[in-house]
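Numbering (UniProt numbering), first residue to last: 1 to 232.
Here it is in structure tokens:
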């Protein structure tokens with residue numbers, strides 16, 4: 001599963017869409033009140049964002065085709081037009097995203113394929129690997145950095161009010177679930193931090209080999225600034 005990078009097959013599918021052909025197909029769908037004209041464009045492999053707008057357009061068409069009363073059809077037609085426009089804009093937005101990502105990949109790549117640990121402790125760590133170069137014709141340099149986070153989950157006061165104390169096995173399982181969710185949060189924060197630093201023109205050589213994240217003073221969890229190693 002990709003987190004900050006679009007899979008290459010998705011990039012190819014998105015880039016290959018002819019937006020004018022999509023607009024024409026959307027128009028035919030609106031006139032025919034069915035989704036069939038859009039099938040040939042192959043939107044199914046373009047990721048969840050485009051897929052969600054496609055499903056919204058399909059639902060709007062279905063509702064419009066079922067509507068009978070004039071006032072209702074006017075409302076559902078407006079919904080169809082809006083959903084069709086949203087679908088086209090979603091494709092345009094993702095094509096721009098693909099273009100930006102491909103341009104950035106000439107200068108840096110952050111590996112977002114990180115294995116989930118089999119078991120968690122209160123000390124959570126995420127290792128991010130990356131490569132960078134000053135220009136597209138230069139040699140790649142490689143690096144890795146470890147983000148460490150000492151996390152103590154807040155007590156669950158709903159359990160303390162319960163008459164029955166959870167078993168040791170359930171308590172241990174609940175703790176692992178909380179630690180896993182925090183680790184996932186740490187992973188996303190760490191990946192985004194390295195990407196944002198390199199995207200902003202930072203030198204990969206300046207990324208520290210390890211970084212103790214700054215936990216929020218409110219509850220000890222992570223916030224949007226916890227992994228920004230370049231911020232004093």
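No residue lacks a Cβ here, since even glycine has one placed at the ideal position from N, Cα and C.
Helix, strand or coil at residue i according to DSSP, with G and I counted as helix
i	result
residue 135	coil
residue 150	strand
residue 211	strand
residue 42	coil
residue 116	coil
residue 124	strand
residue 218	coil
Spatial neighbours of residue i in its chain, beta-carbon cut-off 8 Å, leaving aside the 5 residues before and after
i	result
residue 180	116, 120
residue 178	153
residue 211	145, 146, 147, 148, 227, 229
Within 8 Å, strictly: CB atoms of residue i and residue j
i	j	result
residue 199	residue 104	yes
residue 22	residue 91	yes
residue 98	residue 16	no
residue 149	residue 193	no
residue 3	residue 191	yes
Identity of the residues DSSP links to residue i by a beta bridge
i	result
residue 80	DSSP lists no partner for residue 80.
residue 130	110, 143
Distance, residue j Cα to residue i Cα
i	j	result
residue 32	residue 9	31 Å
residue 78	residue 185	39 Å
residue 132	residue 96	22 Å
residue 204	residue 228	14 Å
residue 51	residue 88	12 Å
residue 12	residue 134	26 Å
Sequence-distant residues of its chain with Cβ nearer than 7 Å to residue i (five each side left out)
i	result
residue 25	37, 38, 41
residue 197	207, 230
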